[in-house]
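If you read the sequence shown in my numbering, its first letter stands for residue 29, the second for the next number, and so on.
Built from N, CA and C at the ideal position, the CB exists for glycine as well.
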Amino acid sequence: MVDRVGKNYVLKEHEIHYPENYDFRILHYIYYLEIYPEESRIKGKAVVKFLGKDLILHARHFQINKIKLDGKEANYSYDGEKISIQGEGKEAEIEYEAKPVLGLIFKKLKEYIEVATTGEVDQARNWIPILDDPRVKTTTEFYIKVRKPYIALSNGRLIDKEEDGDFITFHWLMDKPHSPYLNSIAVGMFSKEEDEWEGVKLENYLPKGYEEFFWNLSSVKKAIEFFSSYTGVKYPYCRYAQVVLFSMNGGMEYITSTHLTWRVIHDKIAEKNYSSENLIAHELAHQWFGDLITTKDWPNIWLNEGFASYFEALYVEHEKGREEFLYNLYNKWKGYEEEKEKYTRPIVCRYYKWGDELFDRHTYNKGALFLHKLRNFLGDETFRKGIKEYLERFKYSSVDTEDFKKVMEEVSGKDLTFLFDQFVYSAFNPSVEVTSIDGGVRIKNEVEVDVKIGKEIRKVKPGESLLSGAYVCVDPNFTSLAEVEDKQGEEALIKESKDEELICRIRAVTSLSRFSDFKAIQALKERLENDFWGVSYESAISLGKIKNDDALNALMLNHENPKVMVGIAKALGEFKFNQKAKNFLLEVMDKAESYHVRAEAIVSLGKIGFTDVKEKIISHFEDESYADVVPSAVIEALSYFGDDESFRFVIDRGFKNEKETIRAAVARNLWRFGDKSREYLYYLVKDPSPIVRGATIKSLEELKMKDLLRTIVDNEDEELRNRSNALRVLYKLGQ
């Protein structure tokens with residue numbers, strides 16, 4: 029039951045990593061930066077106050093102009109990655125210049141230019157000399173000089189702004205200790221919105237011209253109230269800013285100043301399918317879990333990301349109720365299941381080549397699900413008491429998993445070794461199988477699970493058990509961290525599909541796809557039409573798997589919830605060369621208000637294979653849509669046809685497109701056109717956008733283009749997640 033390594037995870041390039049020890053202690057950093065956005069360069073001076081000897085600082089691709097130690101010329105060495113200053117001292121001064129290719133992005137969109145930090149792990153070294161170790165927490169100060177009318181944002185509080193002709197210097201002070209990767213800058217032309225919560229300044233920044241979308245960021249006030257209340261620890265800083273950037277592809281919880289992707293900017297139509305609330309809650313939760321207390325090293329990164337993912341779900345529970353919360357966890361589980369088909373590993377794992385490799389679904393999804401298991405094992409009151417103690421005891425410090433475990437044991441009075449050993453330090457993935465027998469149900473389980481029989485919930489120990497009842501529901505509160513195969517008979521599943529518990533209904537409707545008779549289809553149709561949207565969505569997907577005429581008829585539904593309509597449109601893509609499915613999808617494509625529904629209908633029209641719809645699909649390429657989901661869907665749909673005419677359109681209109689979202693769609697789907705797409709992939713792996721370069725990996729895998737995959741892996745200036753993804757694909761292809 030205990031698996032310390034996992035399967036298919038460890039590669040020969042992996043090394044075992046432990047925290048390092050140093051002969052010095054850093055007290056404070058001061059940075060004087062001159063930013064030149066048009067030239068994509070910075071000029072800087074770093075003042076490092078420390079105690080001890082033989083100071084080490086990480087600094088990548090810098091031009092070092094001068095280094096002093098205690099005011100005198102220093103004896104130092106620099107290898108392009110690390111500065112080593114020999115001797116004992118108290119203050120080092122480094123003057124340098126740099127044109128960063130990672131960590132600090134210079135984004136140019138027509139007349140708009142922004143400069144912003146975007147990375148984590150060891151990205152700070154690309155723009156400032158720093159000891160790039162998450163365990164080393166210090167205070168920082170930034171003097172950022174920019175040309176007017178640029179604004180320069182950073183961490184902590186703004187001390188002063190000093191004007192000097194055409195230039196202005198912003199002085200920021202972060203007076204609470206924090207890890208190196210949490211330092212940030214954002215330079216651009218921003219519009220600002222201000223608010224306040226219990227003495228905390230709340231600031232939102234959008235690129236100039238996007239002021240109408242400030243409402244996209246408005247949930248932060250409710251979230252800061254909830255997290256402060258739930259944890260029992262008030263938001264710990266004087267300010268919280270959200271900065272929306274075109275250079276971001278997600279969110280990054282820089283201390284007091286979170287950077288958010290431009291994708292949070294959306295209209296009321298997109299809001300029906302996509303909300304920025306989850307991302308906002310996730311990044312805000314990091315201010316407690318990741319910033320106030322921080323992982324000592326990357327193997328324990330789940331203490332940042334697993335916690336933020338679970339507290340994001342807790343916020344969903346608070347705002348939208350239990351069913352939304354459980355469906356959020358269910359989708360986290362589905363994401364984790366996809367990954368464990370490729371590999372498994374313990375949540376805490378010291379084997380990797382690049383720290384970015386650990387930012388996977390084992391860390392985020394399984395980490396969150398483990399916290400849900402722990403919360404249910406201890407009870408909500410004890411769990412919250414433990415979280416409060418954990419935060420208060422280790423605030424402004426770095427922690428590992430044992431620190432958290434010991435606090436929860438002290439507060440609960442329970443030994444938690446077995447839970448952490450099985451699910452955090454092990455790659456153990458238990459399974460539960462449920463089958464119908466005469467007069468009851470047989471359960472085979474590798475871990476103790478809750479089983480709902482009627483209104484009663486009982487615990488069933490590992491082994492094999494026979495239970496009586498028309499049906500049973502395994503793990504209704506979703507706490508087992510087990511893969512449940514619900515193989516009960518049709519009658520039992522139909523009854524289970526009407527259970528009051530969301531997880532029971534989802535297990536039933538996903539399992540009913542094993543049947544193709546009218547009775548099972550009617551049960552799915554009922555759930556599709558009359559249930560929580562997540563159950564309806566899963567019912568649609570099951571009907572798509574059945575693929576017969578009755579299932580198709582059940583899907584011919586204009587559901588009022590666009591999230592369910594996405595599921596219906598997706599399911600109809602399973603009905604190859606079906607005229608009825610085609611006609612319905614054409615109507616949805618042309619009439620749906622929702623961008624996401626229209627996009628899914630377009631993709632499904634490509635999948636079912638009628639070539640006479642190509643022109644109608646292409647007619648939607650210029651549709652305005654959130655994050656270009658509609659034109660991206662057109663690219664994907666045409667790739668399913670795979671013909672020369674479709675290929676020419678994809679190359680002429682997609683490959684050369686100025687929008688990275690559309691180029692990424694090309695890169696991701698180009699492989700379906702076969703060998704003629706190869707020459708274009710040689711250009712796409714050199715695309716200016718890391719998102720596009722990352723999207724090529726799917727096509728490179730399908731076409732077995734090992735040479736280009738190796739190019740990505742060996743490119744020292746490529747995003748590390750792209751490098752690690754490409755490396756894993758190379759292993760899959762046999763190097």
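On the criterion of 16 or more Cβ atoms from any shown chain inside 10 Å, does residue i qualify as buried, or is it exposed?
i	result
valine 479	buried
glutamine 763	exposed
alanine 581	Correcting the residue type first, residue 581 is asparagine in the shown sequence and not alanine. Answer is exposed; the Cβ neighbour count stays below 16.
lysine 368	buried
glycine 441	exposed
proline 659	buried
valine 452	buried
lysine 584	Inspection of the sequence shows that residue 584 is occupied by methionine rather than by lysine. Methionine 584 should be labelled exposed.
tyrosine 418	buried
cysteine 377	buried
arginine 676	exposed
arginine 32	exposed
leucine 494	exposed
asparagine 103	exposed
valine 757	buried
arginine 486	exposed
tyrosine 263	buried
serine 112	exposed
Can the beta-carbon of residue i be found closer than 9 Å to that of residue j?
i	j	result
valine 767	valine 537	Residue 767 cannot be examined here, being either before or after the span of the chain that is shown, 29 to 763.
glutamine 516	valine 475	no
glutamate 281	glutamate 311	yes
glutamate 169	histidine 56	yes
leucine 540	serine 570	yes
valine 164	isoleucine 54	yes
isoleucine 663	glycine 637	no
valine 469	serine 496	yes
aspartate 161	serine 105	no
phenylalanine 198	tyrosine 171	yes
serine 275	lysine 135	yes
Hey, how far is the Cα of residue i from the Cα of residue j?
i	j	result
glycine 349	alanine 693	35 Å
valine 594	arginine 700	23 Å
glutamate 148	leucine 210	8 Å
lysine 573	tyrosine 711	38 Å
aspartate 295	asparagine 576	38 Å
tyrosine 364	glutamate 385	15 Å
tyrosine 302	valine 641	28 Å
asparagine 93	leucine 761	46 Å
serine 647	glutamate 615	14 Å
serine 622	aspartate 150	40 Å
threonine 639	isoleucine 329	48 Å
phenylalanine 432	leucine 406	14 Å
valine 272	threonine 146	11 Å
phenylalanine 649	aspartate 559	34 Å
glutamate 764	leucine 130	One cannot answer for residue 764 here, as it falls past the ends of the chain, which runs 29 to 763.
glutamate 438	threonine 410	11 Å
serine 256	glutamate 492	44 Å
aspartate 325	proline 47	6 Å
phenylalanine 578	phenylalanine 546	Note that residue 578 is aspartate in the sequence shown, not phenylalanine. The alpha-carbon atoms of aspartate 578 and phenylalanine 546 are separated by roughly 7 Å.
Please check the pair residue i and residue j, which I expect to be a contact at CB under 8 Å, by giving their CB distance rounded to whole angstroms.
i	j	result
tyrosine 178	methionine 217	6 Å
alanine 336	phenylalanine 317	6 Å
asparagine 473	threonine 372	With a Cβ gap of about 19 Å, asparagine 473 and threonine 372 do not count as contacting.
threonine 284	asparagine 183	5 Å
lysine 598	serine 632	6 Å
isoleucine 141	proline 205	So it is not a contact: roughly 33 Å between Cβ atoms.
proline 490	isoleucine 531	About 20 Å separates the two Cβ atoms, so there is no contact after all.
alanine 510	valine 477	6 Å
arginine 721	asparagine 750	6 Å
serine 247	isoleucine 308	5 Å
threonine 429	leucine 331	7 Å
glutamate 518	phenylalanine 543	5 Å
Regarding residue i and the ligand SAM, is the C-beta to nearest heavy atom distance less than 8 Å?
i	result
valine 427	Questions concerning the ligand SAM fall outside what the structure shown contains, since it holds no ligand whatsoever.
Between residue i and chain D, is any beta-carbon pair separated by less than 9 Å?
i	result
lysine 100	Absent from the structure is chain D; it holds one protein chain and no more.
**Prompt:** Does the region 374-381 come within contact of the region 32-48, defined as at least 3 CB pairs closer than 8 Å?
**Reply:** yes
**Request:** Flag this pair as touching only if the region 80-93 and the region 143-160 have three or more C-beta atom pairs under 8 Å; answer yes or no.
**Result:** yes
**Asked** Three or more C-beta pairs closer than 8 Å, one from the region 306-321 and one from the region 242-256: is that the case here?
**Response** yes
**Asked** Would the region 388-399 and the region 276-292 be scored as touching if the rule is three or more Cβ pairs under 8 Å?
**Response** Below 8 Å, too few C-beta pairs join the region 388-399 and the region 276-292 to call them touching: fewer than three.
**Message:** Count Cβ pairs between the region 114-128 and the region 69-83 that sit closer than 8 Å; are there 3 or more?
**Reply:** Contact annotation: the region 114-128 touches the region 69-83, with at least three C-beta pairs closer than 8 Å.
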